[in-house]
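> Chains as they are written, first to last, in this note's numbering: chain G, 525 to 806; chain Z, 5 to 778. No residue lacks a Cβ here, since even glycine has one placed at the ideal position from N, Cα and C.
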């Protein structure tokens, strides 16, 4: 196996283009574990650690650009991730455990596209967009459309994610991430990411995304719409929960049965909404 | 066993929280474990596991694997002596012979120059199988038409590894006299040991003598020596076993692990071979706790006297008996609980199925039966409208009363444990239910615990060196729990020397005196006993010489702290151990040394009192008692249970090292918490679904209660050193029922199957809602 540490995105892209079996090494939390288990054996590892722009965080009027090499620990500690954007911060702070949060990166989470972990769902809830660099230049892709299947993205061979844009969202919006797992630090059995705008007791905007309940983060427009205009009373939440459950395609696995996950979705939705509303009042 | 002298320890080392001498090297990563050992020319061994749960082996083709460069040996059963091993039933080949009986069963072994080459060779081994119908459930395996795993050994169902019946009183007639009867079926999981150090062995063969030296992670150097000799059909004298630091064992390393097959590879290649399991190989190939299904019925009178109990236990021992029949003995022996129930009917089956073997694991059959018994007694208290502790106090055995089978309880301190548990947990107040967090329900529960301490043979040699320092040699393995430290403290206290003048030897079958095993809550208790006996003989020799040196009769002499003998009441007079040793070595008598040995007596079964079938004694049974309390919060939405605080009250007889005892109790509580809430091997059609630390979840640092209060009571009794009793396994035994009783107190949910995962608890909560409960 060969190993390279390019210092610019362009050098990195050239290396990816030159080697068919090249892989990007970000934090290594998943890739190195998979290599140790013999599940992947890249011929070329392109480390992204020495590319300065991948660690930049830039604030604009519309939101925040987070470099792909930002660690989850860094994201969790980023005070500018407020309002709607806090859903990403909240998810990053709850992911796995400190050792993983110190290693693993935002870009790594996007490209791994593991449906069982926190960030994909939170980024979809935040309406985040990923900047993808490739041989033809750079383009912006909504994370929601980048994630096409479990462990599969729409990235083409030779492309890499350089940074992620988190839009600021509506004034007064709150973002929140709620996870449930067997033990702390386990992958979530189910997670709920949401962005909520309240006007008094009335919901003006809602964007609800369920994690670990299908191959990609589950986002159902009808469920969001079912909440908008309501006072988020029990029947409203239950009906929105039913719409999500109807679209969910969870699996039976060691973390819980598919049926349990279907039971948890509406239950955790109610809890996530009330926790988010508490944040809204702070 | 009643009249052992109980000398008081000399000095203050017994009862002191002396740090473990190996603690620093462990926390700094310098400790040397088996896998850290490297010798020139060392090969690496790996095993090929069966892909089928039950299949006939038709043929092997190892030629491609043998041809791979770097491969030095490929073994199958055809290359090994036709020997089956097993502690109780000789049913187990080193590599599957003729048949495979579980997925993962070792079928072939490879030694190669590096682990990658060895694993690549595994992929080149071709084995032809004829798949047979499997059976995965213990009760189903006892049906007449069930697939049979092993050749019948006699009458009775061939899948029954053992069958026990214990009857006392007249159980059939007693039910009519009961005012309240509770009946349920309880299920407990196959829990795995998850010792941090996977099984590992380095085998070396001396080219001149053919002698095999094994460095290995084990609980017993001597059993490994005996089993390896048996399996390879070589004399025991050709095998030497040494034990480096051990990273946990918990019963999983009581029998052989990968020692015999690693030795076979070393013999086949003539080179040193190391085999260290990956976590997944360890979880797939070694052993687990017995999963159990327990049908139990208990009846009591209105005033809270428990009158009758009927129990039918099915222990699933997997593909091989291993320690299963012994586990079934303990499970049956504890089926009445620590209560005076006059009418009892116990039936117990230990059954083969096509799964990973089950064997010894901290508690050894007792956590299973305690779960059923203590949850059922709690429900009985509820039905009677009595406080759970009150009901237990009313029925708890006291000193002199008889255990199931007729053995006397020699130190019946359960009352003391229950009363202290009630006090330290502030039971009455917490039972009123503190307001929980929103969306949560809070409750507190408890369990009474009884276990046995000590079994089988131990020996110790103690000698005084020329400078007066002391060497203690026992053959006992410290598995990380700290027995080397506690036993050194026992010797230091018996002779009055500081620990700095005492050397405690690590086990080596060439030089150490015999010890059966670090297991059965026995090491401090049994090995400590023989150390005090040897020290007593050494003291007599010291006094004999000191009497001549000081010109005083032996009766006037005493041991003094610091390694001195003096005249009682005369502070100025004393001679040091060094001076006495010099006198013995050069003037009279010869070197000072002594040995002591002991075989723990077999348990008593009174066949006049009890109808006994199928129960064999390993000879263990000094009863020890404890009480455990847990406070929990249950999440109404998810069913997730959080243990907030816990109390574990143990009569340890005499505290040797308080910090070590408290640590062991806390560790037992956490392992019990995993058993209660999260740990469970899951199979699908015979394949393990979670043979990784990611899939199989042990509690982490954030999952344990904010405080686990270890409370040590001292009621010295029995043959242990200075009246000490065992504590090791005890601290796990009552945790699951205490937690499940707390869940029921919080929510009303009657948990009959552990682990009480969020999913299971939520289903119980919803079932109660639809039944109109609250």
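Please identify the residue among 216(Z), 28(Z), 644(Z) and 325(Z) whose C-alpha is closest to the C-alpha of residue 712(G).
644(Z)
> Taking DSSP's pairing of strands, which residues face residue 639(Z) in a bridge?
444(Z)
> Could you work out which residue in 710(G), 602(G) and 606(G) is closest to residue 630(G) when comparing CA atoms only?
602(G)
> Taking the alpha-carbon of residue 490(Z) as reference, which of 11(Z), 25(Z) and 12(Z) has the nearest alpha-carbon?
25(Z)
> What are the boundary residues of the beta strand (DSSP E) that includes residue 184(Z)?
184-192
> My guess is that residue 431(Z) and residue 393(Z) are in contact by the Cβ rule of under 8 Å, so how many angstroms apart are they, rounded?
6 Å
> To the nearest angstrom, how far is the alpha carbon of residue 11(Z) from that of residue 721(Z)?
12 Å
> When the cut-off is 8 Å and only beta carbons count, does residue 262(Z) lie next to chain G?
no
> According to a CB-to-CB cut-off of less than 7 Å, which residues of the stretch 759-790 of chain G neighbour chain Z?
778, 780, 781, 784, 787 and 788
> So the alpha helix (DSSP H) residue 539(Z) belongs to, where does it begin and stop?
532-554
> Short of 7 Å Cβ to Cβ, which residues in the stretch 708-723 of chain G face chain Z?
Listed by position along the chain: 708, 709 and 710.
> Would you say residue 359(Z) lies against chain G (beta-carbon separation less than 8 Å)?
no
> Compute the Euclidean distance between the alpha carbons of residue 401(Z) and residue 774(G), then round it to the nearest angstrom.
52 Å
> Leaving aside the five residues before and after residue 9(Z) along the sequence, list all residues of the same chain whose C-beta is less than 7 Å from its C-beta, in chain order.
Low local confidence applies: a pLDDT of 49 at residue 9(Z) is under 50, so the model's placement there is unreliable, with the coordinate-based value given in what follows. Contacts found: none.
> Who are the near neighbours of residue 727(Z) in its chain, counting only those whose CB is closer than 7 Å to its CB and skipping five residues on each side?
10, 657, 658, 720 and 721
> Note down, in chain order, each residue of its chain lying with its Cβ closer than 7 Å to the Cβ of residue 533(G), except the 5 sequence neighbours on either side.
575, 577, 657 and 686
> Between the alpha carbons of residue 760(Z) and residue 694(G), how many angstroms are there, rounded?
Approximately 43 Å, taken between the alpha carbons.
> Output, in chain order, the set of chain G residues within a Cβ distance shorter than 8 Å of residue 707(Z).
707 and 708
> Mind pulling the chain G residues with CB within less than 7 Å of residue 693(Z)?
778
> Distance check for residue 37(Z) and residue 782(G), CA to CA, integer angstroms please.
42 Å
> Please identify the residue among 553(G), 551(G) and 571(G) whose C-alpha is closest to the C-alpha of residue 525(G).
571(G)
> How would you write the range of the alpha helix (DSSP H) that residue 70(Z) sits in, first residue to last?
67-71
> Do you know how far the Cα of residue 340(Z) is from the Cα of residue 398(Z)?
So the alpha carbons of these two residues sit roughly 15 Å apart.
> How should residue 532(Z) be labelled, buried or exposed, when 16 other C-beta atoms within 10 angstroms of its C-beta is the threshold for buried?
buried
> What does the Cβ neighbour count give for residue 609(G), buried or exposed, with the cut at 16 atoms within 10 Å?
buried
> Here's the rule: buried if 16 or more other CB atoms are within 10 angstroms of the residue's CB, otherwise exposed. What is residue 689(Z)?
exposed
> Considering Cα atoms alone, identify which of 685(Z), 587(Z) and 713(Z) is closest to residue 666(Z).
713(Z)
> Expressed to the nearest angstrom, what Euclidean distance is found between the alpha-carbon atoms of residue 353(Z) and residue 328(Z)?
Cα to Cα, residue 353(Z) sits roughly 10 Å from residue 328(Z).
> Indicate whether residue 613(Z) and residue 247(Z) have their beta-carbon atoms separated by less than 8 Å.
In this structure, residue 613(Z) sits away from residue 247(Z), with a CB-CB distance that is not shorter than 8 Å.
> Got a sec, what are the start and stop residues for the beta strand (DSSP E) residue 348(Z) sits in?
347-356
> Any idea what DSSP makes of residue 700(Z), helix, strand or coil?
coil
> Please compile the residues from chain Z whose C-beta is within a distance smaller than 9 Å of the C-beta of residue 704(G).
Within chain Z, the residues whose beta carbon sits less than 9 Å from that of residue 704(G) are 639, 641, 642, 644 and 762, listed in sequence order.
> Considering only residues of the same chain and omitting the five flanking positions on each side of residue 70(Z), which have a CB-CB separation below 7 Å?
78
> Nearest-angstrom Cα distance between residue 66(Z) and residue 83(Z)?
12 Å
> Looking at residue 425(Z): is its Cβ nearer than 8 Å to the Cβ of residue 267(Z)?
Contact flag unset, no.
> What is the rounded straight-line gap between the Cα of residue 603(Z) and the Cα of residue 642(G)?
58 Å
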